[in-house]
Amino acid sequence: MNDRNREERQSPKLDTRLIHFGSEVDPATGASSVPIYQASTFHHHDIFNPPTHDYSRSGNPTRQALEDYIAVLEGGVRGFAFASGMAAISSTFMLFSAGDHLIVTEDVYGGTYRLLTQILSRMNIETTFVDMTDLEAVKAALQPNTKAVYMETPSNPTLKITDIGAVAEWAREHDLISIVDNTFMTPYYQRPIEQGVDIVLHSATKFLGGHSDVLAGLAVARDDALADRLKYVQNGLGTVLGAQESWLLMRGMKTLGARMAHSEISARKLADWLARRQDIAAVYYPGLAEHPGREVQEKQSKGYGAVVSFDVGSGDRAKRVLSRVKLPLVAVSLGAVESILSYPAMMSHASMPPEVRLERGITDGLLRFSVGLEDIGDLLADLEQALEA
92 MNDRNREERQ SPKLDTRLIH FGSEVDPATG ASSVPIYQAS TFHHHDIFNP PTHDYSRSGN
152 PTRQALEDYI AVLEGGVRGF AFASGMAAIS STFMLFSAGD HLIVTEDVYG GTYRLLTQIL
212 SRMNIETTFV DMTDLEAVKA ALQPNTKAVY METPSNPTLK ITDIGAVAEW AREHDLISIV
272 DNTFMTPYYQ RPIEQGVDIV LHSATKFLGG HSDVLAGLAV ARDDALADRL KYVQNGLGTV
332 LGAQESWLLM RGMKTLGARM AHSEISARKL ADWLARRQDI AAVYYPGLAE HPGREVQEKQ
392 SKGYGAVVSF DVGSGDRAKR VLSRVKLPLV AVSLGAVESI LSYPAMMSHA SMPPEVRLER
452 GITDGLLRFS VGLEDIGDLL ADLEQALEA
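Using our numbering, read the sequence shown as starting at 92 and increasing by one per residue.
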């Protein structure tokens, strides 16, 4: 057995690292969770030797524990916690300057699309949206001023699959920064840094938090140079996560494995059930045999996730279904212990013009179901009565 294989066998598996991440016990008191350091500033006992933490915008012990936690899970050198998923995304985009060009997944989250097209465009940062299931389309989008390629896989909400390793390798050949939004898969199922990606992002509000009670974003850098740049932006913009929210997020992350495993089993059953129905126009889920990205998904991920999108045929029918379901929350967001049924055309992707949504397959009949921890039989019965009404 070579050294690498021995190290892989000896290192704790992710389910173990979710609980034993290095800061799970307070060294000062033995407390079973990281203390909440509800402090904005810290005393300098020796003015000539400043303490590790001096002001909570620049660093807070509770937030630091969270940042170390996500770095361990994703396999990066450093993690960074932000006030929301969009704060993490927008702060990362602040690595770029006027005149730079970015290549981005075409059916990207609506908030990211809005940021790129309505805010960063005013700063002369250009974006080309491409179908990243087609590597040749990605390559064709390269310009002399291209600085980064931004992937979202599975994409939101049509669950298209990008070959992370292939795009990251191509990006590296052209000195581009590769970025992946890993919100849907989480490090439990997918670790892009291991596939060559430079920066991984999360809306930690979703599966990582898992309880619809905290707003947070996370970023992880592959190397120290990028980590230093991200830290400079985080501190300069002040888009940091508070101590209370950092503690809540860590509490949620400890149960990530159990939640994701349960929800994915139910999501597979939901997708199969929907695919058998004659009154459903389309079902999008990477675990379906007919999903065009299934082979790539299985190559780069250890699961299919807990989100299923499906087209009920029309906007009117979608709204009737939304009005009749009783178990899922009808709401924005996803990844919680409770199931959440969302209407992308009027929720997550409302900022996209209608013609742009249609080009990306986000029809007026499309619904997105984030499967929670309820009994799947109850969820199917509830959805069936809503569909047949």
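We treat Cβ as the ideally placed atom computed from N, Cα and C, and that holds for glycine.
{"Query": "Validate contact between the segment 337-346 and the segment 371-378 using beta carbons, cut 8 Å, 3 pairs", "Result": "no"}
{"Query": "Complete beta strand (DSSP E) runs within the segment 167-240 (minimum length 3 residues, chain order)", "Result": "169-173, 192-196, 217-221"}
{"Query": "Residue burial classification, isoleucine 210 (beta-carbon count within 10 angstroms, cutoff 16)", "Result": "exposed"}
{"Query": "Classification of arginine 154 by the beta-carbon crowding that lies within 10 angstroms, buried from 16 upward", "Result": "buried"}
{"Query": "Integer-rounded CB distance, given that methionine 276 should sit under 8 Å from isoleucine 255", "Result": "Not quite, the Cβ-Cβ distance comes to about 10 Å (not below 8 Å), so this is no contact."}
{"Query": "Nearest-angstrom Cβ-Cβ length linking alanine 484 and aspartate 402, presumed shorter than 8 Å", "Result": "The structure shown does not extend to residue 484, since the chain is modelled only from 92 through 480, so no value can be given for it."}
{"Query": "Contact between the segment 187-202 and the segment 234-254 (3+ Cβ pairs under 8 Å)", "Result": "yes"}
{"Query": "Distance CB(histidine 175)-CB(leucine 306) smaller than 8 Å", "Result": "Looking at the sequence shown, residue 175 is not histidine but serine. For serine 175 and leucine 306, yes; Cβs fall inside 8 Å."}
{"Query": "Exposure label - glutamate 264; buried when at least 16 CB within 10 Å", "Result": "exposed"}
{"Query": "Exposure of threonine 107, with buried meaning 16 or more beta-carbon neighbours within 10 Å", "Result": "exposed"}
{"Query": "At least three beta-carbon pairs within less than 8 Å, the segment 167-174 to the segment 314-329", "Result": "yes"}
{"Query": "Per-residue burial, methionine 351 [other beta carbons within 10 Å of its own, 16 or more giving buried]", "Result": "buried"}
{"Query": "Nearest residue (CA-CA) to threonine 208, options Ser181, Asp145, Trp364, Leu267", "Result": "Ser181"}
{"Query": "Leucine 458 and serine 400 closer than 8 Å at C-beta", "Result": "yes"}
{"Query": "The segment 257-272 in contact with the segment 286-303 per 3-pair CB rule at 8 Å", "Result": "yes"}
{"Query": "Cβ-Cβ distance between threonine 405 and valine 423 below 8 Å", "Result": "Per the sequence presented here, residue 405 reads as serine, with threonine not at that position. No. Outside cutoff."}
{"Query": "Test item: CB-CB of isoleucine 252 and valine 421 under 8 Å", "Result": "no"}
{"Query": "Pair within 8 Å by beta-carbon distance, glutamate 165 and arginine 282", "Result": "yes"}
{"Query": "Contact set for methionine 443: own chain, Cβ-Cβ below 6 Å, skip 5 residues either direction", "Result": "Gly201, Tyr204"}
{"Query": "Counterpart residues of leucine 471 in DSSP-defined beta bridges", "Result": "DSSP output for leucine 471 lists no bridge partner at all."}
{"Query": "Candidates Ala409, Arg359, Gln369, of which the one nearest arginine 52 by Cα", "Result": "Look at the range of the chain in this structure, 92 to 480, and you will see that residue 52 is not part of it."}
{"Query": "C-alpha gap between valine 221 and valine 447, whole angstroms", "Result": "12 Å"}
{"Query": "Supposed close pair threonine 274, lysine 297 - CB separation, criterion 8 Å", "Result": "5 Å"}
{"Query": "Coil, strand or helix - isoleucine 431 by DSSP", "Result": "strand"}
{"Query": "Endpoints, the beta strand (DSSP E) within which alanine 480 is located", "Result": "Careful: alanine 480 lies outside any beta strand (DSSP E) and carries neither H nor E."}
{"Query": "Nearest neighbour of asparagine 151, chosen from Ala477, Ile138, Trp338, Asn140 [CA to CA]", "Result": "Trp338"}
{"Query": "Alanine 362 to glutamate 260 span [Cα, whole Å]", "Result": "32 Å"}
{"Query": "Buried or exposed by the 16-neighbour rule on C-beta atoms within 10 Å, applied to aspartate 191", "Result": "buried"}
{"Query": "For tyrosine 128, the three-state DSSP class (helix, strand or coil)", "Result": "coil"}
{"Query": "Contact under 8 Å by Cβ, valine 428 with histidine 293", "Result": "no"}
{"Query": "CB contact flag (alanine 409, aspartate 466, <8 Å)", "Result": "no"}
{"Query": "Aspartate 308 (DSSP reduced to helix, strand or coil)", "Result": "According to the sequence as given, residue 308 is glycine; it is not aspartate. DSSP places glycine 308 in strand when its eight states are reduced to three."}
{"Query": "Proximal residues to leucine 332 (C-beta, below 8 Å), its chain only, five neighbours per side dropped", "Result": "Arg154, Leu157, Ala172, Phe173, Ala174, Ala307, Gly308, Leu340"}
{"Query": "6 Å Cβ shell around arginine 451 - same chain, five flanking residues per side excluded", "Result": "Glu197, Asp198"}
{"Query": "The ligand MN heavy atom lying under 7 Å from the CB of leucine 207", "Result": "This structure simply doesn't include the ligand MN, nor any ligand for that matter."}
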